[in-house]
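Have a look at the structure below, then the notes.
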Amino acid sequence: MSYHTVLGPFYFYLESAAFFSFDLKEEHCYSLADRIWIFTRYAGYSTCFRKEAGSHGKDTLGIFRVHQFEKVEQVCITSPNGNDSWEMLEEMIRTSEEFYQEINSWLRASPLYIGWSPASKTYRELVSCSNCTDYQLRRLEIRYGSQKSNGQAKQYVHMLNSTLTATDRTMRCILENYQKEKGVEIPQVLIPYMGGVTFLPF
């Protein structure tokens with residue numbers, strides 16, 4: 000279930016499912032894409048839950064890999080024509096890069112965007128961007144163009160998704176990279192959201 004509101008040209012979503020893109024697909028299920036919402040860029044906020052099976056993730060314990068976390072996703076819908084979806088993928092990657100470089104430059108593309116973790120002396124995944132083309136949308140019948148007629152093959156829209164930020168992973172990077180002997184400095188870009196606080200003592 001998702002709740003959304005519209006403010007000018009922007010859609011704001013609050014998501015209760017594991018992934019915002021799930022409900023977005025459901026909303027457009029059995030629909031015919033038109034120029035109104037093709038190339039639409041969505042941002043969704045969700046509370047996510049997961050239970051690990053086996054030993055997967057055992058080397059990324061602590062607040063990096065948790066059972067419940069908050070996440071902001073980018074989801075984009077494009078036409079299937081030419082390189083439209085691949086160009087959108089590059090735009091989403093640039094958006095992710097700009098988001099983290101506002102905090103600092105400890106971000107690296109490899110090809111996912113990863114942040115430096117001083118405690119484990121390695122880079123950890125922060126961002127993933129995927130172009131699923133029409134793979135996820137064929138069974139949902141989210142089509143592009145006019146109704147199928149006169150033997151014309153169906154065309155389906157392309158959907159892309161990206162985890163822009165999982166709050167626990169971003170917080171871990173901030174805490175580790177801004178940690179000083181007596182506390183943690185607040186990144187400059189976050190100070191206005193901290194009521195002017197610039198340092199959190201231990």
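Just so it is clear: in the sequence shown, position 35 is 34 by numbering that gives the first Met the number 0, and no numbers are missing.
Cβ atoms here follow ideal geometry from the backbone N, Cα and C, with glycine treated the same way.
Cβ shell of residue i (< 6 Å), same chain only, five flanking positions each side left out
{"i": "residue 77", "result": "38, 83, 84, 87, 157"}
{"i": "residue 40", "result": "75"}
{"i": "residue 67", "result": "48"}
{"i": "residue 186", "result": "102"}
According to DSSP, residues forming a beta bridge with residue i
{"i": "residue 129", "result": "160"}
{"i": "residue 79", "result": "DSSP, once it has assigned bridges, lists no residue as partnering residue 79."}
{"i": "residue 47", "result": "68"}
{"i": "residue 199", "result": "183"}
{"i": "residue 42", "result": "73"}
{"i": "residue 178", "result": "183"}
Contacting residues, own chain, Cβ-Cβ under 7 Å from residue i (five flanking each side not counted)
{"i": "residue 188", "result": "101, 102"}
{"i": "residue 155", "result": "79, 133, 136, 137, 141, 142, 143"}
{"i": "residue 92", "result": "128"}
Residue i vs residue j beta-carbon contact at 9 Å
{"i": "residue 166", "j": "residue 126", "result": "no"}
{"i": "residue 79", "j": "residue 143", "result": "yes"}
{"i": "residue 44", "j": "residue 69", "result": "yes"}
Counted within 10 angstroms of its Cβ, other Cβ atoms place residue i as buried (16 or more) or exposed
{"i": "residue 153", "result": "exposed"}
{"i": "residue 198", "result": "exposed"}
{"i": "residue 182", "result": "exposed"}
{"i": "residue 192", "result": "exposed"}
{"i": "residue 168", "result": "buried"}
{"i": "residue 194", "result": "exposed"}
{"i": "residue 164", "result": "buried"}
{"i": "residue 54", "result": "Low per-residue confidence applies at residue 54: pLDDT is 48, beneath 50, and the placement is therefore not dependable, though the value from the model is reported in the following sentence. Residue 54 is exposed by the Cβ-count criterion."}
{"i": "residue 151", "result": "exposed"}
Member of the options whose CA lies at the smallest distance from the CA of residue i
{"i": "residue 129", "options": "174, 182, 160", "result": "160"}
{"i": "residue 95", "options": "44, 80, 71, 79", "result": "71"}
{"i": "residue 124", "options": "139, 131, 89, 170", "result": "170"}
8 Å CB neighbourhood of residue i in its chain, flanking five on each side removed
{"i": "residue 196", "result": "185, 190"}
{"i": "residue 34", "result": "Note on residue 34: pLDDT 48, under 50, position unreliable in the model; no value is reported."}
{"i": "residue 131", "result": "157, 158, 159, 160"}
Residue i at chain B interface by Cβ criterion, 9 Å
{"i": "residue 83", "result": "The chain labelled as chain B is not found in the depicted structure, where only one protein chain is given."}
beta-carbon residue i near the ligand SAM non-hydrogen atom, thresh 8 Å
{"i": "residue 196", "result": "Summarising the ligand content, the structure contains no ligands, and the ligand SAM is consequently not present."}
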